[in-house]
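Please read the structure below before turning to the comments.
Residue numbers (this note's numbering): 3 to 501.
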């Protein structure tokens, strides 16, 4: 009978994907269960099967194992040992291999869970201790790459336009290779930075803002094509960026209130869980503890708590009401922590003991988030000035070279006796191409830098949207002012052919 059901379950287990968040919740739940005096392996599997929302696909596998064990009267431990070792994900496979060996030697399951959860928490603490230095090194590496691109791009423009022996293909190749190089750096950043979500799963606000950010990026990508086809003047080309930046800025400001609310909820969450654990331990019921909590003074939990109490007073199902309460908070951290808290209470554990584990985990995550926010601010302070310098210098250089090129052409038309080693190519044609390339480079940097700064802070689409707004507005304003001012100066100095 085991042979009949094994292929189906093995296929499901081998295709399973475990996110970083699901694995962290799994190890956190192991730490919660480790405070129990004793727990059998069957009870362990049963508890894990009730936490499918927090554990994701891993919880679904335990649910399937439990149902098969009940249906076919197969020993759960035997089924788990034979099937879960086939998981292709290394850390999960290693964990369950160690678990199987531990159970074979007769070691207590509680001791194993304590050891695994302690090691996981210790590795998290060490990662956070090294995080800030690592993030700053990645930011410095990226800003150095950006500065090198600025120097290389200006050098290629000068050699191509002034001396004429440069080739525009080199500029285009540089413009193509730079985003590819930045993509490699961002891949390294993504591998080095732990991914996390600030807002709870399936929140409509995240979907809406991700769609908006995607549409804005597509619009920015299409701008060089539109400018080239319509032959827009440089002032107008840069002015177009300002409305897009205003849209991104207004959208970010609208979502900023939600982000601030979630951050305040996460900061208040440890105190809320501690109070909930104390009252639940005293009253013996989590439903009765809600009535006591409503009488407290909670700044960010009060409205959801009142709705929860009103629903419970009319006899609504607690699990459904608790889920709605977690959804209303919008916080991903609150969603996972409060879900695991109820799993621990249902398991009959002492809430005062396992709540300490939850609170430590929350404090670590909030601290890690603050580090990333601080480093993201450091990155903005480095990258945005370099980006603005690139736009201003390259655009000013292009306009000045255009003016000197016209002067050289005029001088060459007056006399044929003086050789001019400069501007040996047709200046009008090459200047138009240089402007298109410069504009494309500016737009490319807007997208690449926004993605990098958004990835560095992470958590939601809002950091990327904020960076996109800043860069669009800065590029539009600097590009417009540089073009107008340099053209005015050239016109005043009519010797350059500006008049």
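Even for Gly, the Cβ is constructed at its ideal location relative to N, Cα and C.
Discussion item. Using 8 Å as the cut-off, can you tell me whether the region 133–145 makes contact with the region 34–54, which would need three or more C-beta pairs spanning the two stretches below that distance?
Written reply: no
Worksheet item: Taking just the CA atoms, how far does residue 233 sit from residue 492?
Response: 22 Å
Practice prompt. Figure out for me which residue from 34, 374, 390 has the closest Cα to the Cα of residue 117.
Written response: 34
Worksheet entry | Exposure of residue 425, with buried meaning 16 or more beta-carbon neighbours within 10 Å | Caution applies to residue 425, whose pLDDT of 48 falls short of 50 and renders its modelled position unreliable; the model cannot decide the point.
Worksheet item: Does the Cβ-Cβ distance between residue 306 and residue 330 come in under 8 Å?
Response: yes
Fill in: Whole alpha helix (DSSP H) elements within the region 33–61, 4-residue minimum
43–51, 54–57
Worksheet item: In the structure shown, what three-state DSSP assignment does residue 144 receive?
Response: helix
Worksheet item: Whose C-beta lies closer than 7 Å to the C-beta of residue 104 among residues of the same chain, with five residues either side of it excluded?
Response: 114
Worksheet item: Among all the DSSP beta bridges, which residues are the ones paired with residue 516?
Response: Summary: the structure shown does not reach residue 516, with the chain confined to residues 3 through 501, and so no result is reported for it.
Worksheet entry | Residue span of the alpha helix (DSSP H) that contains residue 311, given as start and end | 304–315
Worksheet item: Which whole-angstrom value is the C-beta distance of residue 30 and residue 487, which I expect to be below 8 Å?
Response: Going by Cβ atoms, the distance from residue 30 to residue 487 rounds to 58 Å, so no, they are not a contact pair.
Discussion item. Measuring only the C-alpha atoms, how far is residue 442 from residue 229?
Written reply: 10 Å
Worksheet item: Using the rule of at least 16 other Cβ atoms within 10 Å of the residue's Cβ for burial, across every protein chain shown, is residue 171 buried or exposed?
Response: exposed
Worksheet item: How about residue 214 and residue 253: do their beta carbons lie closer than 8 Å?
Response: yes
Worksheet item: Taking the C-alpha atoms as reference points, what is the distance between residue 269 and residue 21?
Response: 24 Å
Worksheet item: Just reading off the alpha helix (DSSP H) that residue 100 is part of, what are its end residues?
Response: 92–106
Worksheet entry | Any 3 or more C-beta pairs closer than 8 Å across the region 478–486 and the region 388–401 | yes
Worksheet item: According to DSSP, is residue 375 helix, strand or coil?
Response: helix
Worksheet entry | Identity of the residues DSSP links to residue 333 by a beta bridge | 201
Fill in: Cut-off 6 Å between Cβ atoms - residues of its own chain near residue 202, not counting five sequence neighbours on either side
332, 334, 337
Discussion item. Out of 479, 27, 139, which one is the CA nearest neighbour of residue 198?
Written reply: 27
Fill in: residue 204 burial status per 10 Å Cβ neighbour count (16 or more: buried)
exposed
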